[in-house]
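Asks: Dumping the structure here so I can ask a few things about it.
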Amino acid sequence: MANTTKTAIVTGASRGIGAGLVEAYLERGYNVVANSRNITKANPFAGAPNVALVDGDIGRPDTAATIVDTAVSRFGRIDVLINNAGVFIPKPFTEYTTEDNTLVSTTLAGFLYVSQLTVKQMLRQKSGSIINVSTTMVDQPIAGVGAAVQLMLKGGLNAVTRALAIEYAKEGIRVNTIAPGVINTPMHKPETHDFLKGLHPIGRIGEVKEVVDAALFLTDATFTSGEILHVDGGAHAGKW
131 MANTTKTAIV TGASRGIGAG LVEAYLERGY NVVANSRNIT KANPFAGAPN
181 VALVDGDIGR PDTAATIVDT AVSRFGRIDV LINNAGVFIP KPFTEYTTED
231 NTLVSTTLAG FLYVSQLTVK QMLRQKSGSI INVSTTMVDQ PIAGVGAAVQ
281 LMLKGGLNAV TRALAIEYAK EGIRVNTIAP GVINTPMHKP ETHDFLKGLH
331 PIGRIGEVKE VVDAALFLTD ATFTSGEILH VDGGAHAGKW
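Residue numbers (the numbering used here): 131 to 370.
This is the structure we're talking about:
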């Protein structure tokens, strides 16, 4: 009998939004394959029988292959892929160098390899949902926050979301992106929160649960594809 328990893959899963996503899908009864560079050492989901932890740099094709092979061999299918892994390296445009190549490897290669392999499996199933995590700054850059190269790469995720939504619409595969504002994660020190609140019209930073809720919505929203869903307290709407 075919395995009917759904399976999600979450990259960048050891803390913050990624860890919140893993916990949410587990609560929904999913099997989950969770990846980060050293997730087995961090072991944030100890004791959960339906979690498979995969160490490795998501920008490497062998890591992507291990993630997808683990999902299929252990759980039999892939229903949701969440490309959550990311890094943030803000600096003036002219100061980016080849030493910042982790931006490219994590954001673009980290999307490409695992998504290609996942789509191949979803084509066999004739179903699946891919959710990328971008940033609201693609649509609303912030004066004084130099992140042009970062936004160039994240903007690529927004573009490929729409392209893939069209390419695979008739195959039962949906592709969407969440574009968060600043979210309350370990990435942002508490002493910066007062400043960061001012970057959102609503006047606060977001919570992990609010991004998780968006992912769960996109998972369930079977008539939604090619969407860039902003979870940013209204920041993308314009100057305020």
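Every residue, glycine too, gets a C-beta built ideally from N, C-alpha and C. Remember, it's a predicted structure, so these values are computed and weren't measured experimentally.
Can you tell me which of the three DSSP states Met131 falls into?
Replies: Stepping through the sequence shown from its first residue, residue 131 is reached at position 1. With a pLDDT of 44 at Met131, under the threshold of 50, the modelled position of that residue is not reliable, and no figure is offered here.
Asks: Rank Trp370, Thr315, Gly258 by C-alpha distance to the C-alpha of Thr349 and give the top, closest one.
Replies: Position 219 of the sequence shown, counted from the first residue, corresponds to residue 349. Out of Trp370, Thr315, Gly258, Gly258 has the C-alpha closest to the C-alpha of Thr349.
Asks: Should Ala143 and Asn168 be called a contact, given that it needs their Cβ atoms to be closer than 8 Å?
Replies: Counting from 1 along the sequence shown, the entry for residue 143 is found at position 13. Counting from 1 along the sequence shown, the entry for residue 168 is found at position 38. Cβ distance not < 8 Å, so Ala143 and Asn168 don't count as in contact.
Asks: What are the uninterrupted segments assigned as alpha helix (DSSP H) that are 4 or more residues long and contained completely in the stretch 166-251, given in chain order?
Replies: Correct list: 169-172, 191-200.
Asks: Phe175 to Val181, Cα distance in whole Å?
Replies: Counting from 1 along the sequence shown, the entry for residue 175 is found at position 45. Counting from 1 along the sequence shown, the entry for residue 181 is found at position 51. In a straight line, the C-alpha of Phe175 is about 7 Å away from that of Val181.
Asks: Excluding five sequence neighbours on each side, which residues of the same chain lie with their C-beta closer than 8 Å to the C-beta of Leu359?
Replies: Position 229 of the sequence shown, counting from 1, holds the residue named residue 359. Answer for Leu359: Asn306, Thr307, Ile308, Ala309, Ala344, Phe347, Leu348, listed in chain order.
Asks: Buried or exposed for Arg127, please, with buried defined as at least 16 other CB atoms from any protein chain shown within 10 angstroms of its CB.
Replies: A question about residue 127 goes unanswered here, because the residues of the chain that appear run from 131 up to 370.
Asks: Hey, how far is the Cα of Pro320 from the Cα of Phe353?
Replies: Your numbering for residue 320 matches position 190 in the sequence shown. Your numbering for residue 353 matches position 223 in the sequence shown. Using only the alpha carbons, I get a separation of about 39 Å.
Asks: My assumption, with CB atoms under 8 Å, is that Glu340 sits in contact with Val361. Please give the rounded CB distance.
Replies: Sequence index remark: in the sequence shown, residue 340 carries index 210 (1-based). Sequence index remark: in the sequence shown, residue 361 carries index 231 (1-based). Contact holds; Cβ gap of about 6 Å.
Asks: Indicate whether Ala138 and Val244 have their beta-carbon atoms separated by less than 8 Å.
Replies: As a position in the sequence shown, residue 138 is number 8, starting the count at 1. As a position in the sequence shown, residue 244 is number 114, starting the count at 1. No, Cβ-Cβ distance for Ala138 and Val244 is not below 8 Å.
Asks: What are the uninterrupted segments assigned as alpha helix (DSSP H) that are 4 or more residues long and contained completely in the stretch 305-329, given in chain order?
Replies: Fully enclosed alpha helix (DSSP H) runs of 4 or longer: 323-327.
Asks: What whole-angstrom Cβ distance do Ala215 and Thr200 have, given they're in contact under 8 Å?
Replies: For the purposes of this step, residue 215 is identified with residue 85 of the sequence shown, where counting begins at 1. For the purposes of this step, residue 200 is identified with residue 70 of the sequence shown, where counting begins at 1. Contact doesn't hold; Cβ gap of about 16 Å is too wide.
Asks: In the structure shown, what three-state DSSP assignment does Ala164 receive?
Replies: Position 34 of the sequence shown, counted from the first residue, corresponds to residue 164. Strand.
Asks: Could you check if Glu153 is buried or exposed, using at least 16 other CB atoms within 10 Å of its CB as the buried criterion?
Replies: For the purposes of this step, residue 153 is taken as the residue at position 23 of the sequence shown. It counts as buried.
Asks: Report the CB separation of Pro222 from Gly276 in whole angstroms; it is logged as a contact under 8 Å.
Replies: Taking the first residue of the sequence shown as 1, we reach residue 222 at position 92. Taking the first residue of the sequence shown as 1, we reach residue 276 at position 146. The Cβ separation is near 4 Å, so the contact holds.
Asks: Let me know the secondary structure DSSP gives Gly142 once reduced to three states.
Replies: Locating residue 142 in the sequence shown gives position 12, where the first residue counts as 1. In the structure shown, Gly142 sits in coil (DSSP, three-state: anything other than H, G, I, E or B).
Asks: Given a cut-off of 8 Å, decide if Gly240 and Ile303 are closer than it, judged by their beta-carbon atoms.
Replies: The sequence position of residue 303 within the sequence shown is 173, counting from 1. The sequence position of residue 240 within the sequence shown is 110, counting from 1. Going by C-beta atoms, Ile303 is not nearer than 8 Å to Gly240.
Asks: In whole angstroms, give me the CA-to-CA distance for Asn288 and Ser264.
Replies: Locating residue 288 in the sequence shown gives position 158, where the first residue counts as 1. Locating residue 264 in the sequence shown gives position 134, where the first residue counts as 1. Roughly 7 Å separates the two Cα atoms.
Asks: So, with DSSP's three-state summary, where would you put Thr349?
Replies: Here residue 349 corresponds to residue number 219 of the sequence shown, with the count starting at 1. The answer is helix: DSSP assigns Thr349 an H, G or I state.
Asks: Taking the alpha carbon of Tyr155 as the reference point, which residue from Lys171, Arg145, Glu297, Lys136 has its own alpha carbon closest?
Replies: As a first step, residue 155 must be located in the sequence shown, where it is residue number 25. Among Lys171, Arg145, Glu297, Lys136, the Cα nearest to that of Tyr155 belongs to Lys136.
Asks: Just verifying my parser: in three-state terms, what is the DSSP assignment at Val275?
Replies: Here residue 275 refers to the residue found at position 145 when the sequence shown is read from its first residue. In this structure, Val275 counts as coil in the three-state DSSP scheme.
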